[in-house]
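Enquirer: Starting off with a structure, shown below.
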Amino acid sequence: MDSVAAQDDDTALPGPCSRWPVESIDTIRQIMARAGDKWSTLVVATLQDGPLRYTDLQRAIPGISQRMLTLTLRQLQRDGLITRTAYAEVPPRVEYALTALGTTLLDIVLSLIDWAGTHHQDIHQNQTAYDAAHAD
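9 is the number of the first residue of the sequence shown in this note's numbering; add one for each residue after it.
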């Protein structure tokens, strides 16, 4: 069988999963989880104009805790989407920046953020209506 994710017989999986090599499915799912994570998308988008220090990132992303920002930065660095540069100064200075790979994700992330900003009221109204219709 070729690199198409398929079941025991010749029945290919429906949807986008059918385009993924079977041996890469777990890694691709991890990438999708990271790329779609709310904090990761906001960090990537915040770094669009260039390197920022940790405190500048934290100020620019309302609601992110210090712990979550630290974890998110580590994960994005591990994935090769951002760099961390420590400068030997007093006081120490650390900056985070998008890598070339991270920059390829930028348009997608900005589109998702713009979509959420455009449709948040509609979604909130739908949630409210759903909750009211399904209240016990």
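In this text, a Cβ means the ideal position worked out from N, Cα and C, and glycines have one as well.
Between the C-alpha atoms of D87 and E97, what's the straight-line distance to the nearest angstrom?
Expert: Roughly 27 Å between the two C-alpha positions.
Enquirer: So is Y104 buried or exposed if we call it buried at 16+ other beta carbons inside 10 Å?
Expert: So Y104 ends up on the buried side.
Enquirer: Taking only the alpha-carbon atoms, compute the straight-line gap between A68 and A140 and give it to the nearest angstrom.
Expert: Each residue's alpha carbon lies about 35 Å from the other.
Enquirer: What whole-angstrom Cβ distance do G110 and L89 have, given they're in contact under 8 Å?
Expert: At roughly 4 Å, the Cβ-Cβ gap stays under 8 Å, so G110 and L89 are in contact.
Enquirer: T126: buried (16+ other C-beta within 10 angstroms of its C-beta) or exposed?
Expert: Exposed is the call here.
Enquirer: Using only the alpha-carbon positions, how far apart do I116 and K46 sit?
Expert: One C-alpha to the other measures close to 13 Å.
Enquirer: Following the continuous beta strand (DSSP E) through R92, name the residue where it begins and the one where it ends.
Expert: Counting along the chain, the beta strand (DSSP E) containing R92 begins and ends at I90 to Y95.
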